[in-house]
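Trainee: Dumping the structure here so I can ask a few things about it.
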Amino acid sequence: GAGVSQTPSNKVTEKGKYVELRCDPISGHTALYWYRQSLGQGPEFLIYFQGTGAADDSGLPNDRFFAVRPEGSVSTLKIQRTERGDSAVYLCASSLNPGSWEAFFGQGTRLTVV
Amino acid sequence: GESVGLHLPTLSVQEGDNSIINCAYSNSASDYFIWYKQESGKGPQFIIDIRSNMDKRQGQRVTVLLNKTVKHLSLQIAATQPGDSAVYFCAENTGTASKLTFGTGTRLQVTL
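From first to last, the protein sequence lines are chains E and S. In terms of my numbering, the first sequence opens at residue 183 and continues consecutively. In terms of my numbering, the second sequence opens at residue -7 and continues consecutively.
Next comes the structure, spelled out in structure tokens:
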């Protein structure tokens, strides 16, 4: 595709449920990032992948959050036992390589935990 | 922790005027700064970046100024257009090629 694609666009889930959020980066981009954005705030870093490996997961808030990128392309952010405080827009971005700061963001997945 | 912040939450300018959006940062170790534009319902869009060894960089209708002495960053938009209406974020890289720290954003409203 032409840009970073995230699915679903919106997700409503009940407290305690498990959710998966998907990110399709721009083809050929080796670096992939997940951010979380609460209403009225700037994006907050969660995790960064270089290829298949998570090079920096220091932003993950707790062990309920996990992300994978098994083939170095598509990434899935997984949230277990969702809480109402997890409600936010989850943004994915990719860049050609870690040294390129022209990161391209997807439109985000709006997660609402009820 | 150290963070990036903005002086003004909302800026209203008339179409055709120049806009200046300001940002203060606190981490003197940051070596890379970026401005992003975010329209409603969309992800942030890269506008322009600047390295810490520079004090000015120009793009198309945009200029970023960096003052390391007072830890201040600004984005200047020339001849502001209605399509420039959005929230603008500054972000900093704290030395690793892995993550950005974003400020809370400034909403730019362009009036006709």
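Backbone N, C-alpha and C fix where the C-beta goes; we use that ideal spot for every residue, glycine too.
Please name the residues in the region 89 to 101 of chain S whose beta-carbon is closer than 8 Å to at least one beta-carbon of chain E, in chain order.
Mentor: Against chain E - using a Cβ distance shorter than 8 Å - the residues of the region 89 to 101 of chain S are Ala89, Ser90, Lys91, Leu92, Thr93, Phe94, Gly95, Thr96 and Gly97.
Trainee: Could you tell me the alpha carbon to alpha carbon distance between Val62(S) and Gln262(E), rounded to whole angstroms?
Mentor: Those two C-alpha atoms are separated by around 43 Å.
Trainee: Tell me whether Arg266(E) sits in a helix, a strand or coil according to DSSP, three-state version.
Mentor: In this structure, Arg266(E) counts as helix in the three-state DSSP scheme.
Trainee: Starting from the C-beta of Leu0(S), find all residues in its chain whose C-beta is less than 8 Å away, skip the five residues before and the five after it, and write them out in chain order.
Mentor: Since pLDDT at Leu0(S) reaches only 48, below the 50 mark, its modelled position is unreliable, and the value read off the structure follows with that caveat. Answer for Leu0(S): Ile13, Asn14 and Thr98, listed in chain order.
Trainee: Which residues share a DSSP beta bridge with Tyr28(S)?
Mentor: Tyr28(S) pairs with Phe38(S) and Phe81(S).
Trainee: Give me the DSSP bridge partner(s) of Ser187(E).
Mentor: Ser187(E) is bridged to Asp206(E).
Trainee: Confirm, please, whether the CB-CB distance from Leu203(E) to Arg218(E) is below 8 Å.
Mentor: No, these two residues do not count as a Cβ contact at 8 Å.
Trainee: Taking any Cβ of chain S, which residues in the region 234 to 268 of chain E have a Cβ under 9 Å from it, in chain order?
Mentor: Correct list: Ala237, Asp238, Ser240 and Gly241.
Trainee: Check whether the Cβ atoms of Gln30(S) and Val79(S) sit closer than 8 Å, and answer yes or no.
Mentor: Their beta carbons are under 8 Å apart, which means Gln30(S) touches Val79(S) by this criterion.
Trainee: Under the rule that 16 or more other beta-carbon atoms within 10 Å means buried, what is Val271(E), buried or exposed?
Mentor: Buried, by the Cβ-count rule.
Trainee: Below 8 Å on the Cβ atoms is my guess for Gly288(E) versus Gly254(E); work out the distance and round it to an integer in Å.
Mentor: Contact doesn't hold; Cβ gap of about 17 Å is too wide.
Trainee: From the beta carbon of Ala285(E), is the nearest beta carbon of chain S less than 8 Å away?
Mentor: By this cut-off, Ala285(E) is an interface position.
Trainee: Chain E beta carbons: is any one of them nearer than 8 Å to that of Lys29(S)?
Mentor: Not an interface residue.
Trainee: Going by other Cβ atoms of all chains shown within 10 Å of its Cβ, with 16 needed for buried, is Ala71(S) buried or exposed?
Mentor: Exposed, because fewer than 16 other Cβ atoms sit within 10 Å of the Cβ of Ala71(S).
Trainee: Taking only the alpha-carbon atoms, compute the straight-line gap between Gly(-3)(S) and Tyr24(S) and give it to the nearest angstrom.
Mentor: With a pLDDT of only 46 at Gly(-3)(S), under 50, the local geometry of the prediction cannot be trusted, and no value is derived from it.
Trainee: Does Leu273(E) get closer than 8 Å to chain S when you measure Cβ to Cβ?
Mentor: Yes, Leu273(E) counts as interfacial toward chain S.
Trainee: Using a C-beta to C-beta distance shorter than 7 Å, which residues of chain E count as neighbours of Lys34(S)?
Mentor: Residues of chain E passing the Cβ test: Gln289.
Trainee: Spatial neighbours of Ser(-5)(S) within its chain, please: CB distance less than 7 Å, with the 5 preceding and 5 following residues excluded, ordered by chain position.
Mentor: Confidence at Ser(-5)(S) is low in this model, with a pLDDT of 45, below 50, so its placement is unreliable and the value that follows should be read with caution. Cβ neighbours of Ser(-5)(S) beyond the five flanking positions: Ser18 and Thr93.
Trainee: Would you call the CB atoms of Pro199(E) and Glu265(E) closer than 8 Å?
Mentor: Correcting the residue identity first, residue 199(E) is Lys in this sequence and not Pro. Cβ atoms of Lys199(E) and Glu265(E): not closer than 8 Å.
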